[in-house]
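Chains as they are written, first to last, in this note's numbering: chain L, 1 to 368; chain D, 369 to 666; chain H, 667 to 969. Heads up, the beta-carbon is just placed ideally off N, CA and C, and yes, glycines get one too. Just so we're clear, the structure is a prediction, and the values are computed from it rather than from any experiment.
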Amino acid sequence: MPEIEFNNIVKRFGRVTVLEDLNLQVDDGEFLVLLGPSGCGKTTLLNMLAGLQEVTGGSIVIGGRDVTDLDPKDRGLAMVFQSYALYPTKTVRGNLKFGLSVQKLDRAEIERRVAWAANLLQIDKLLDRKPAQLSGGQRQRVAIGRALVKNVDVFLFDEPLSNLDAKLRTEMRLEIKQLHQELEKTIVFVTHDQVEAMTMASRIAVMNGGVIQQIATPDEIYERPANLFVAQFIGSPAMNTLKATVERADGSVSAVHAPTGARIDLSAYSFSAAPKDGDAVIVGLRPEHFSIGCNGHADAGAYFSLPVRYTEKTGSDVTAFLDSGDGGLIAVRFDHKHHHVPKMGEMVEIHFPKDRFDIFDAASEKRI
Amino acid sequence: MAIRWSWASPRIALIPALTVTAVAFLGAICWTIWISFTRSRRFPDYAINLAEWTRQYERLFRDNAWETALKNVLILAIGSALAIVFGFILAAMIEREKRGEGFFRTLFLYPLAVSFIVTGIVWRWMFNPDLGIQNFLRGLGWESANFNWLADPQTAMYGIILASIWHGLGFYMALMLAGLKSINSEIWSAARLDGVSFWRLYIEIIIPMLKFTFLTCAILLSLGVVKTYDIVLAMTGGGPGTSTWTPAYFVINSYAARGNIGYASSAAVMMLLMTAALFLPLVLATAWQARRREAMAQ
Amino acid sequence: MTMTAQTASLATPVSKSLRRKRIRGSSIAVLVFLAMWAAFVSIPLYVVIVTSFKTMDQVALGQVFALPTEWTFEPWRKAWSEVCAGMTCEGVSHGFWVSMKILFPSLLISIGISSVTGYALALWKIRWAGTFLFILFLCAFVPFQIIMIPLVVLISSLGIFGTIWAVAIVHSVLAMPLLTLIFRNFYKDVPEELINAAIMDCGSFWRIFFEIILPMSANIMIVVLILMITTVWNDYLIGLVFGGVGTQPMTVILANTVITSFGEVQYNVDMAAALLTAIPPLIVYFAVGKFFVQGITAGAIKG
């Protein structure tokens, strides 16, 4: 049974419609990440789940209970905020206890839970400090602790890592994932950072413009993006996209990229709906799947020989941006240990394996 | 030797302000303190008789009117503090109930644009026993209604307090509203998720977070109270008798009506001391706040 | 493209009825309480306005809240041009023009000195700037009474006592510390690089002020203007002490009219005079209320 259900959710602010007829189910014990650019409605969705914003239409069900009209405190969930929202005038202990004191638990139980959470998050030594005396990472732990002590089934995270520096972010990412594995609670996590989503989620819901574009496991999202938006939002550098025309001849399918004249062999691609001859398609090529060099590969589905515009070196990797002939660029990422870094203007030969293409309809931008 | 204008110009530009500060503030304060030790009457007399240099102060402390003034300033401070309390309550309500925020804010604040003289005259009219509120309430059937506060030395100060609250309420509300708005909105969300009751949220979280705003309001209010003059003049003219005199009223009266500069100066010096006593906490609090902010930034 | 395609496919009619916004009981209680305070705040204004339009016969009936049975502008006319303040019977109009004449020099002098001082202290490296600012901070809170008598002596020795200039100068002196602090706090947020670039380009203290800093100061100028206009217009004590016969501002004339009037009291005329005096700052308030709030909070929160 799904733990959380959004049924036909509509959200309007005055005349502006943010979400229209949205449906989403989160399974029990799942780590669902709502991923999307800012303004895509993901935080609104989370706030409506928490009860901080009211829905304009539709219903929300948590654990089989319709909570649409319930107060936030009665929904049986806990939330970790972007700015942590620690009560600045209370100590860490006071912050952890404050939410519990409302629930009329006996004192020993409160102490037990505080001690358990403090121990789990290694903040035992900070219990008597005020939030102002804590570092960013420590505040983050306290904020998580404040959610943990409530002993609820659903945890909500609203971009909790965005205020941390890169190193701490990586650490906290791992910790939150471990916490999830240990506690086996349902987590809904909002972020705009694809790395966070890919590393932590059991499923990702990619949102854009108030619409869920795709819900799938991280692998599925990466390997089989449902549409062009998802394909370009996930992956760094972003997927290359080439406009091409389908050619069908003697049972084989290929696409021709006019500016380079390259013929792209699509025979290994499993179409969900086979295109007709002359259809306009968009071919997606992930920069990391190219192989570079003059030796032709047996399984190559596309071959280009293009001049280098410029290169970017990031530690072990090199990304070369090649001139695709129509003013666009094709990004190619490779390991510079295995190939020399091409100079500007140098002609480079690249191959793309025929089983790694992503093909989208040029008009609907959906995967075909 | 050539003048470096980039060095000299800013310093030249500061001359007027420096002169004003040195002459009109520091110099004038010293002058008043000096005069308060002399026997000056209508005109300044700069000789200090060392045998009886505290003469003016001794007289001042024996003066019943001065005692009344001190008592009144205390009553006024305590009474006007209600403006802070209600200002906070109103700000909290406006902040909570977003509907009509602009309307209520504009309405509560307009008395501040009205001068104390006009405020006093208006309220004097409201308190008029024959034609004001009292008469209106008696007309409604409340025969024992007594709003002739200003005529009775026992209640005249309360009339002034009411008018002061009317005048200042919006100011404290605006400061409190600014304070409330500076609180991170996620704190409110977190409290809602925790299910914290309204009272506990305000008493345990919000009011402690606003303590610096409260302190600022309290000090500004006290400084205003010490200076209270116009509104007393307009409402009661100090009367009945000397029952609504304030220190500021006392100074002006000693200077203008009694024509005694020395005496007026000694009362003014007492006012300065009161202000300093109120002011010290503000300076300390500002320093403390700055230090805390630094600690937060680390 | 993706978005349009997706929304188009989802444009199926939403069958669920849209829920109405709930109004809670606590909301009603809050609004009732606010409305009660609103009444407390607005009743005096209402009473004064209706009284000023009543005939003296109706005022004598003692129904403060009743609307005028017969609207009359007579009290307003009398208040403006006939009513007696002490010996002279010129109405409050004379005071109105005096207040205007006091206002402009006060604004010019105080804002002129304070803005330049604030600019010099905020943006030019002067070692003792901190100390001077602290002294100004203290001065801003000094009660007027403590410096009043020496200022009388000083102004008399300049030979301008009892003139409009005396009142305007005292206003400027008194406002200088606070305004300087406000300007300084505004200018200290000007990026240092901007000033450094300007110093490299031309280097002149005055040219940077007039060509770069002053044009950036529109917002703070409005705030300060409003603060000063209301302060100067609403002042009573400075006008009383430093103004002479014929140079007393409107508030003083009003107080003399209402408080020390002889003979039969004309309440309706008194109220009209009070309203006439209150109208200019109220116009400022209702016209630019947002800046007014900024002005008073800028006056309150410094440092």
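**OP:** Determine the DSSP secondary structure at phenylalanine 155 of chain L, reduced to helix, strand or coil.
**Re:** Three-state result, phenylalanine 155 of chain L: strand.
Original post:
Is the beta carbon of leucine 942 of chain H sitting closer than 7 Å to the one on tyrosine 853 of chain H?
Top reply: Not in contact: leucine 942 of chain H and tyrosine 853 of chain H (Cβ atoms no closer than 7 Å).
**OP:** Give the range of the alpha helix (DSSP H) segment to which phenylalanine 908 of chain H is assigned.
**Re:** Its alpha helix (DSSP H) spans residues 903-908.
Original post:
Given aspartate 71 of chain L, which residues of its chain have a CB within under 8 Å of its CB, disregarding the five upstream and five downstream residues?
Top reply: Excluding sequence neighbours, aspartate 71 of chain L sits near Gly51.
Original post:
According to the Cβ coordinates, are proline 307 of chain L and glycine 261 of chain L closer than 7 Å?
Top reply: In this structure, proline 307 of chain L sits away from glycine 261 of chain L, with a CB-CB distance that is not shorter than 7 Å.
Subject >> Close Cβ partners of serine 272 of chain L (< 8 Å) along its chain, the five nearest in sequence each way excluded >> reply: Counting only Cβ-Cβ distances below 8 Å, and skipping sequence neighbours, we find Arg367, Ile368.
Original post:
With contact counted as at least three CB pairs below 8 Å, one residue from each stretch, are the stretch 545-564 of chain D and the stretch 616-627 of chain D in contact?
Top reply: Under the Cβ criterion (8 Å, minimum of three pairs), the stretch 545-564 of chain D does not count as touching the stretch 616-627 of chain D.
Original post:
Considering only C-alpha positions, which residue in the set L:Asp265, L:Ser83, L:Gln214 is nearest to aspartate 355 of chain L?
Top reply: Looking at L:Asp265, L:Ser83, L:Gln214, the one whose alpha-carbon comes closest to that of aspartate 355 of chain L is L:Asp265.
Subject >> Assumed close pair methionine 577 of chain D, isoleucine 551 of chain D - CB separation to whole angstroms, cut-off 8 Å >> reply: Separation of the CB atoms of methionine 577 of chain D and isoleucine 551 of chain D is rounded to 6 Å, and the pair is thereby assigned contact status at 8 Å.
Original post:
If you measure from the CB of serine 622 of chain D, is any heavy atom of the ligand COA nearer than 6 Å?
Top reply: Summarising the ligand content, the structure contains no ligands, and the ligand COA is consequently not present.
Original post:
From which residue to which residue does the beta strand (DSSP E) around aspartate 723 of chain H run?
Top reply: DSSP places aspartate 723 of chain H in no beta strand (DSSP E) but in the uninterrupted alpha helix (DSSP H) bounded by 722-725.
**OP:** Go to phenylalanine 582 of chain D, then tell me how far its alpha helix (DSSP H) extends in each direction, as first and last residue.
**Re:** Looking at the DSSP string, the run of the alpha helix (DSSP H) that includes phenylalanine 582 of chain D is 579-594.
**OP:** Check whether the Cβ of glycine 14 of chain L lies closer than 7 Å to any Cβ atom in chain D.
**Re:** No - not a single Cβ of chain D is within 7 Å of the one on glycine 14 of chain L.
Original post:
Of all the residues that make up the stretch 556-567 of chain D, which are near chain L by a beta-carbon distance shorter than 9 Å?
Top reply: Here the close residues are Trp556, Ser557, Ala558, Ala559, Arg560, Leu561, Asp562, Gly563, Val564, Ser565.
Original post:
Hey, isoleucine 528 of chain D and alanine 602 of chain D: beta-carbon distance below 7 Å or not?
Top reply: Pairing isoleucine 528 of chain D with alanine 602 of chain D gives a Cβ-Cβ distance that is not under 7 Å.
**OP:** Provide the residue span of the beta strand (DSSP E) that contains serine 252 of chain L, from first to last.
**Re:** From DSSP, the beta strand (DSSP E) with serine 252 of chain L extends over 252-257.
Subject >> Contacts of lysine 73 of chain L in chain D (Cβ-Cβ under 9 Å) >> reply: The CB of lysine 73 of chain L comes closer than 9 Å to the CB of Arg560, Leu561, Asp562, Gly563, Val564 in chain D, given here in chain order.
Subject >> Partner residues on chain D for cysteine 805 of chain H, Cβ-Cβ distance less than 7 Å >> reply: Proximity of chain D to cysteine 805 of chain H at the Cβ level (cut-off 7 Å) is accounted for by Thr389, Phe393, in chain order.
Subject >> Within 7 Å, strictly: CB atoms of valine 696 of chain H and leucine 475 of chain D >> reply: Result no, Cβ atoms of valine 696 of chain H and leucine 475 of chain D do not sit closer than 7 Å.
Original post:
Between tryptophan 434 of chain D and leucine 442 of chain D, which are expected to be in contact by the criterion C-beta below 8 Å, what is the C-beta distance as a whole number of angstroms?
Top reply: About 13 Å separates the beta carbons of tryptophan 434 of chain D and leucine 442 of chain D, which is beyond the 8 Å limit, so they are not a contact pair.
Original post:
Quick one: does methionine 638 of chain D have its CB under 7 Å from some CB of chain L?
Top reply: Chain L, which has no Cβ nearer than 7 Å to the Cβ of methionine 638 of chain D, makes this no.
**OP:** Give the residues from the stretch 495-506 of chain D that approach chain H closer than 7 Å (Cβ to any Cβ), ordered along the chain.
**Re:** Per Cβ criterion, the list reads Asp498, Leu499, Gly500, Ile501, Asn503, Phe504.
Subject >> Sequence-distant residues of the same chain with beta carbon closer than 6 Å to methionine 667 of chain H, five excluded per side >> reply: The predicted model places methionine 667 of chain H with a pLDDT of 35, which falls under 50 and marks its position as unreliable; any figure quoted below should be read in that light. Excluding its 5 nearest sequence neighbours in each direction, methionine 667 of chain H has no C-beta neighbour in its own chain below 6 Å.
Original post:
Going along the chain, which residues of the stretch 220-247 of chain L sit with their C-beta nearer than 8 Å to a C-beta in chain D?
Top reply: The stretch 220-247 of chain L vs chain D, Cβ under 8 Å: nothing.
**OP:** Determine the closest residue to leucine 893 of chain H out of H:Ala701, H:Ile777, H:Leu802, with distance taken between C-alpha atoms.
**Re:** Each of H:Ala701, H:Ile777, H:Leu802 was checked against the Cα of leucine 893 of chain H, and the nearest Cα belongs to H:Ile777.
Subject >> Cβ neighbours of threonine 678 of chain H in the same chain (closer than 6 Å, five flanking residues each side left out) >> reply: Per-residue confidence for threonine 678 of chain H stands at a pLDDT of 37, beneath the threshold of 50, marking its modelled position as unreliable; the derived number appears in the next sentence. There are no such residues.
**OP:** Starting from the Cα of isoleucine 901 of chain H, find the closest Cα among H:Met882, H:Ile768, H:Leu787 and give me that residue.
**Re:** The residue you asked about is not isoleucine; residue 901 of chain H is aspartate in the sequence shown. For the residues H:Met882, H:Ile768, H:Leu787, the minimum Cα distance to aspartate 901 of chain H belongs to H:Ile768.
**OP:** Measure from the alpha carbon of arginine 410 of chain D to the alpha carbon of each residue in D:Ser404, D:Trp534, D:Val637, D:Ile629, then state which is nearest.
**Re:** The candidate whose alpha carbon is nearest that of arginine 410 of chain D is D:Ile629.
**OP:** Between the Cα of alanine 953 of chain H and those of D:Tyr478, D:Phe472, D:Ala376, D:Trp402, spot the shortest distance and give me the residue it belongs to.
**Re:** Here the closest residue by C-alpha is D:Tyr478.
**OP:** Report yes if the C-beta distance between glycine 301 of chain L and phenylalanine 352 of chain L is below 7 Å; otherwise report no.
**Re:** For the pair glycine 301 of chain L and phenylalanine 352 of chain L, the CB atoms are nearer than the 7 Å cut-off.
**OP:** Have a look at serine 675 of chain H and isoleucine 234 of chain L and give me their C-alpha separation to the nearest angstrom.
**Re:** Confidence at serine 675 of chain H is low in this model, with a pLDDT of 36, below 50, so the placement of that residue is unreliable and no value is reported for it.
Subject >> Spatial distance of isoleucine 830 of chain H from isoleucine 886 of chain H (CA atoms) >> reply: Between the alpha carbons of isoleucine 830 of chain H and isoleucine 886 of chain H lies a distance of about 27 Å.
**OP:** Step through the CB atoms of chain L and report whether any lies within less than 7 Å of the CB of isoleucine 551 of chain D.
**Re:** Chain L contact via Cβ: absent.
Subject >> Selection from H:Tyr933, H:Phe958, H:Pro946, H:Tyr951 that minimises the alpha carbon distance to tryptophan 491 of chain D >> reply: Among H:Tyr933, H:Phe958, H:Pro946, H:Tyr951, the Cα nearest to that of tryptophan 491 of chain D belongs to H:Tyr933.
**OP:** Classify histidine 180 of chain L as helix, strand or coil using the three-state DSSP reduction.
**Re:** Residue state, collapsed to three classes: helix.
Subject >> Rounded distance between the beta-carbons of leucine 22 of chain L and isoleucine 212 of chain L, thought under 8 Å >> reply: For isoleucine 212 of chain L against leucine 22 of chain L, the beta-carbon gap comes to about 7 Å, under 8 Å, which counts as contact.
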